[in-house]
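Numbering (this note's numbering), first residue to last: 558 to 866.
The C-beta atom is built at its ideal place from N, Cα and C for all residues, glycine as well.
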Amino acid sequence: MNIIHLKYAVEVALLGSISKASESLAVAQPNISRAIKDLESELDIAIFDRTAKGMTLTADGKDLIARARAVLNQIDEFESAYKRSAPRKQTFSLSAPRAAYIAEAFAAFTRCIDGETAEIVFDETGTYNTIKKIISSECKLGIIRYDADAQRYFEELLRKNELESRHITDFRYTVITSAKSPLATKRVISEGDLTEFIQITHTDPYEATLTASDSKEPDLRISSEKRIYLLDSAAQLELLAENSKTFMWMSPLPEILLDRYGLVQIACDGSGKLYRDTLIYRKNHKFSMLDNAFIDYLTDSTKATAKIL
C-alpha cells in the first residue's frame, strides 16, 4: 500500500473535492484521482461516492480514513522523533527588480536569520523572469514592476498562471544625484537640465517597466549623451556619491540611503509615468516566519520613501 495514496485520500475527505485537494497539495488532479482509484482497487472497496456536489465518504471510506489518519499521525510522530536532533534549516527566496528600497529591506531582514542552517536567495532580475521563477517554484516570493496602466494585463497574466499578488507601492522615477551637484539646488528638474551631466544607467532590463504590449525591452530613459553603464547596484550609489557630475533615474530611495551616501532625489517636471511594484507568489504558498518578516521590513522601507512618491 502506498502511503502517498493514503495522504491524498485523507486530503480529499477533508476538503470534499479532488480539485481543492489538488490545490492544497500542489498535485495535479489526475494524479490524485488515479491514486484514489488504485487504492480502491487494491482494497476492493469504494472509498468515495462521486456526486455533483463533490466527494462524500462511503461507510467503508469513513472507516478507512479514520484508520489512515491514525497511521499517518504515527508516521509523523516517528519522523519527528528522529528529526528533533537535526538542525532547523531556514529557507527564503526572493526574485525582484533592482530597487534601493527592496535591497535596504532585504539587508535589514537578514538580521532575522538565526539557527544553525539557512538557505537565503535574493535574485535581482526582470519582471518576466520573476514570473517564470515563481511559476516553477525556483523562488517562493517575487516582486514585479510594470506600468500602472497595464494593471489589467498583469492581473490576467497572474490569474492564468495561478499566482496571487499584493500591491506594494506606486511611484514615479526621480533623479538621484550628489548633494554636492549643481542639480541639488533645484526643486524640480527638466530634461534640459540634465544634458550637460553624466547619466548612469543599466545595460539590461533589470528595471523592467513592462506595459500591456508585452514589451521585453528595457525602459532606458536617456537624458544625456554622456553615459556610464553599470550592473552593480552598490557601484551606482558609490559613483553618484563620489562624482557630483553624475545622475541617475531611479525609483525613490529611503532617507537612510540618501543620508548614507550624501545623495538627493529630485522630481522631474511633468512627473512621468506611474509605475507599480507588486508582490507575487503561488496560490498554495504558505508564508513562513521569514517570509512574513521580510514583508514587514519591506513595508517599513516603503513607508520611508512615501513622502517623496
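Are residue i and residue j close, meaning C-beta to C-beta below 8 Å?
{"i": "L836", "j": "S722", "result": "yes"}
{"i": "I622", "j": "A566", "result": "yes"}
{"i": "I733", "j": "F804", "result": "yes"}
{"i": "I847", "j": "C696", "result": "The displayed chain sequence assigns Leu, not Ile, to residue 847. No, the pair does not count as a contact, with Cβ atoms beyond the cut-off."}
{"i": "I813", "j": "E661", "result": "yes"}
{"i": "N800", "j": "E580", "result": "no"}
{"i": "Q756", "j": "R784", "result": "yes"}
{"i": "I560", "j": "A592", "result": "no"}
{"i": "F711", "j": "F851", "result": "no"}
{"i": "S735", "j": "L820", "result": "yes"}
{"i": "I692", "j": "Y838", "result": "no"}
{"i": "E597", "j": "I589", "result": "no"}
Between residue i and the rest of its own chain, which residues show a CB-CB distance below 7 Å, the 5 nearest in sequence each way excluded?
{"i": "Y763", "result": "Because Y763 sits at a pLDDT of 39, beneath the cut-off of 50, its placement in the model cannot be relied upon, and the point is left open."}
{"i": "M558", "result": "E599"}
{"i": "T766", "result": "Note on T766: pLDDT 44, under 50, position unreliable in the model; no value is reported."}
{"i": "D606", "result": "T613 and T615"}
{"i": "A665", "result": "Y854"}
{"i": "G573", "result": "G611 and M612"}
So, for residue i: in the same chain, excluding its five sequence neighbours on each side, which residues have a beta-carbon less than 6 Å away from its beta-carbon?
{"i": "T726", "result": "D834 and T859"}
{"i": "S808", "result": "A656 and F728"}
{"i": "F679", "result": "L651 and F663"}
{"i": "L855", "result": "A662"}
{"i": "T862", "result": "Y658, P809 and P811"}
{"i": "E634", "result": "none"}
{"i": "E748", "result": "S780"}
{"i": "K646", "result": "T674"}
{"i": "D617", "result": "I602"}
Write down the C-beta distance between residue i and residue j rounded to the nearest angstrom, noting that I regard them as a contact closer than 8 Å.
{"i": "A578", "j": "L614", "result": "Actually they do not touch by this definition, with Cβ atoms about 13 Å apart."}
{"i": "I701", "j": "T687", "result": "5 Å"}
{"i": "D704", "j": "K830", "result": "6 Å"}
{"i": "V745", "j": "D826", "result": "5 Å"}
{"i": "H759", "j": "Y786", "result": "7 Å"}
{"i": "F754", "j": "K689", "result": "The pair is not a contact, with the Cβ atoms about 37 Å apart (cut-off 8 Å)."}
What does a CB cutoff of less than 8 Å around residue i pick up in its chain, not counting 5 residues either side in sequence?
{"i": "Y818", "result": "L794, E795, L797 and A798"}
{"i": "L720", "result": "I688, I691, I692, I837, Y838, R839 and K840"}
{"i": "D857", "result": "A662 and A665"}
With a floor of 3 residues, list each beta strand (DSSP E) that falls wholly inside the stretch 635-694, ordered by position along the chain. 646-653 and 674-681
Report the start-end ranges of each beta strand (DSSP E) in the stretch 775-852 that is 3 residues or longer and not cut off at the edges. 784-786, 803-807, 820-825 and 832-839
Counting only runs of 4+ residues fully inside the stretch 564-632, write out the alpha helix (DSSP H) ranges in chain order. 575-582 and 586-600
Runs of beta strand (DSSP E) wholly within the stretch 692-758 (minimum 3 residues, chain order): 698-704, 720-728, 731-735 and 755-758
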